[in-house]
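Note sheet for the following structure.
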Amino acid sequence: MVRRVFVEKIKGFDVEAKGLFEDIKNNLDIDGLKDIRVINRYDIEGLDEDTYANAKTTVFSEPAIDMIYDERLPENVGLNVFATAYLPGQYDQRADSAAQCIKLINSNADPTVKFAKIIEMIGMISEEEFNLIKDYCINPVDSEQTKMEKPSSLNMQMVIPGDVETVEGFIGFDHSRLMDYKCSNGFAMSDEDILFVKDYFENQEKRDPTITELKVIDTYWSDHCRHTTFLTELNEIEIETGIYTKCISDAFEEYLNMRKVVYGEKEDARDITLMDLACIGAKYLKKKGFAN
Numbered sequence: 043m044v045r046r047v048f049v050e051k052i053k054g055f056d057v058e059a060k061g062l063f064e065d066i067k068n069n070l071d072i073d074g075l076k077d078i079r080v081i082n083r084y085d086i087e088g089l090d091e092d093t094y095a096n097a098k099t100t101v102f103s104e105p106a107i108d109m110i111y112d113e114r115l116p117e118n119v120g121l122n123v124f125a126t127a128y129l130p131g132q133y134d135q136r137a138d139s140a141a142q143c144i145k146l147i148n149s150n151a152d153p154t155v156k157f158a159k160i161i162e163m164i165g166m167i168s169e170e171e172f173n174l175i176k177d178y179c180i181n182p183v184d185s186e187q188t189k190m191e192k193p194s195s196l197n198m199q200m201v202i203p204g205d206v207e208t209v210e211g212f213i214g215f216d217h218s219r220l221m222d223y224k225c226s227n228g229f230a231m232s233d234e235d236i237l238f239v240k241d242y243f244e245n246q247e248k249r250d251p252t253i254t255e256l257k258v259i260d261t262y263w264s265d266h267c268r269h270t271t272f273l274t275e276l277n278e279i280e281i282e283t284g285i286y287t288k289c290i291s292d293a294f295e296e297y298l299n300m301r302k303v304v305y306g307e308k309e310d311a312r313d314i315t316l317m318d319l320a321c322i323g324a325k326y327l328k329k330k331g332f333a334n
C-alpha cells in the first residue's frame, strides 16, 4: 500500500518558498507573479499504520512549523502547479534519509520513500510564463516534471535497453560525409579530432565504433579536458539585445580593462576565451597584491 503525505511550512517559516519567489522575480521579471508555495510530497510504501503515524510527525514534518495533509493537497491549491522529482537512478538524499530515519523508529520496517516537490505559482500569469518558470525550476540534467497522481507501487520499472547502435560504415566515410556526420550529431570535437578518431578505429581497432564510444570520446575530449570549449578563441563576440544587455556589456568591458592590467604589453598575444574570462578576476586580484 502506497501512502502519501504533503508537508508545507507555516507562513513565517516558508523560507524556501520566499527565496524561490525572489529568485524568479529577480531573474525572470514576471510582473503577474505574486507569491509561490512549496509543498513537499512523500510517497511511502512498506509501513504499518502505527509506524506511519509516528513517522508523519517525527520524520516527514515538524508539527510546530509544518502543516500536514494526508493523501490530498490542500483544497486552496490552484491550477498553476507542477511537481518535480529526481530522475530515476539519481540519488535522492531526502528520500534516503527519510527511509533511514523510519528504520530507527521501527527496525523491522522495510520502507521505500519517493520524494517530490510541489510548486504553486500564485498570481495572473500566462501559459508561456508558467512554462518559463517551470523550465527555470527543473534542471533536466538531474530532475524531471513528475505526475501528480499517486502510483500504485513504488517499485522502479526498469526499461531494458536495446543493443548499442554501431555506426555502420564509419571507417569508410570520406571527408565530406565525416564532417556532415560530426555536425549532425552536434559533436564538440574539431575536424582534426574526428579525423584522428576515424583513423584510430580504421587502423587500430579495424572496426566501426558504436555511437556510445563516439559520444564518450567527444565528451571527455572536449569539455572535460577544456581544450575545445573553454580554451577556444572568441573572436566574434555579440551581446544580444534584452533587459540584461547593459549588465553584460558592462561586465565584458570590465573584463577587457582587467586584461590590460593583468597582461600589460602581452595582452594582444592572449586569446579571449571562456577560461580567461572565468579566471581574470583572480588574476587581477593577484596582480594588484590583494591575493596570494
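Counting the sequence shown from 1 gives a position; the numbering used here is that position plus 42. Backbone N, C-alpha and C define an ideal beta-carbon position, used for all residues, glycine too. Remember, predicted model here, so these are calculated numbers, not experimental data.
Here residue 196 really is in contact with residue 85; their C-beta atoms are around 6 Å apart, less than 8 Å. Relative to the Cα of residue 117, the nearest Cα in the group 48, 232 and 219 belongs to 48. With contacts defined as CB atoms closer than 9 Å, residue 276 and residue 314 qualify as a contacting pair. A contact between stretches requires three or more CB pairs, one per stretch, nearer than 8 Å, and the stretch 161-175 meets this requirement with the stretch 71-79. In terms of Cα proximity to residue 94, the closest of 152, 214 and 68 is 152. The continuous beta strand (DSSP E) containing residue 110 extends over residues 108-112.
DSSP, reduced to helix, strand and coil, places residue 218 within a helical segment of the structure shown. Listed in chain order, the non-local C-beta contacts of residue 233 below 8 Å within the same chain comprise 221 and 224, local neighbours out to five positions each way being set aside.
The secondary-structure analysis by DSSP pairs residue 125 across a beta bridge with 160 and 188.
Spatial neighbours of residue 254 in its own chain (CB-CB distance under 6 Å, excluding positions within 5 residues in sequence) are listed in chain order as 206. For residue 75, the uninterrupted beta strand (DSSP E) segment begins and ends at 75-87.
Under the rule that a run must span 3 or more residues, no beta strand (DSSP E) segment is found entirely inside the stretch 255-298. With a threshold of 16 other beta carbon atoms within 10 Å, residue 332 falls short and is exposed. Inclusion of residue 250 and residue 208 in the CB contact set at 9 Å is warranted, their separation being smaller than that value.
Between residue 143 and residue 106, the C-beta gap is not smaller than 9 Å, which leaves the two residues out of contact. Around the beta carbon of residue 128, a 10 Å sphere encloses 16 or more other beta carbons of the protein chains shown; the residue is thus reported as buried. Annotation: the continuous alpha helix (DSSP H) that includes residue 329 extends over 316-329.
Under DSSP, the beta-bridge partners assigned to residue 51 are 108. For residue 45, the three-state secondary structure derived from DSSP is strand. Burial is judged here by how many other beta carbons sit within 10 angstroms of a residue's own beta carbon; residue 122 has at least 16 and is buried. Here residue 204 carries a coil assignment [DSSP, helix/strand/coil].
DSSP places residue 230 outside any alpha helix (DSSP H), giving it a letter other than H or E.
Distance from the CA of residue 176 to the CA of residue 169, rounded to the nearest whole angstrom, comes to 10 Å. In this model, residue 119 and residue 50 are separated by some 12 Å (Cα to Cα). Looking at the DSSP output, residue 155 sits in a beta bridge with 86. Here residue 137 is buried: its Cβ has 16 or more other Cβ atoms, across all protein chains shown, within 10 Å. Exclusion of the five residues before and after residue 154 leaves 87, 88 and 196 as the residues of its chain whose Cβ lies within less than 6 Å of its Cβ. Bounds of the alpha helix (DSSP H) holding residue 63 are 57-70.
Inter-residue distance for residue 189 and residue 280 is about 40 Å (C-alpha atoms, whole angstroms). Excluding its 5 nearest sequence neighbours in each direction, residue 300 has C-beta neighbours in its own chain below 6 Å: 322 and 326, listed in chain order. Non-local C-beta neighbours of residue 150 in its own chain, meaning closer than 8 Å and more than five positions away in sequence, are absent.
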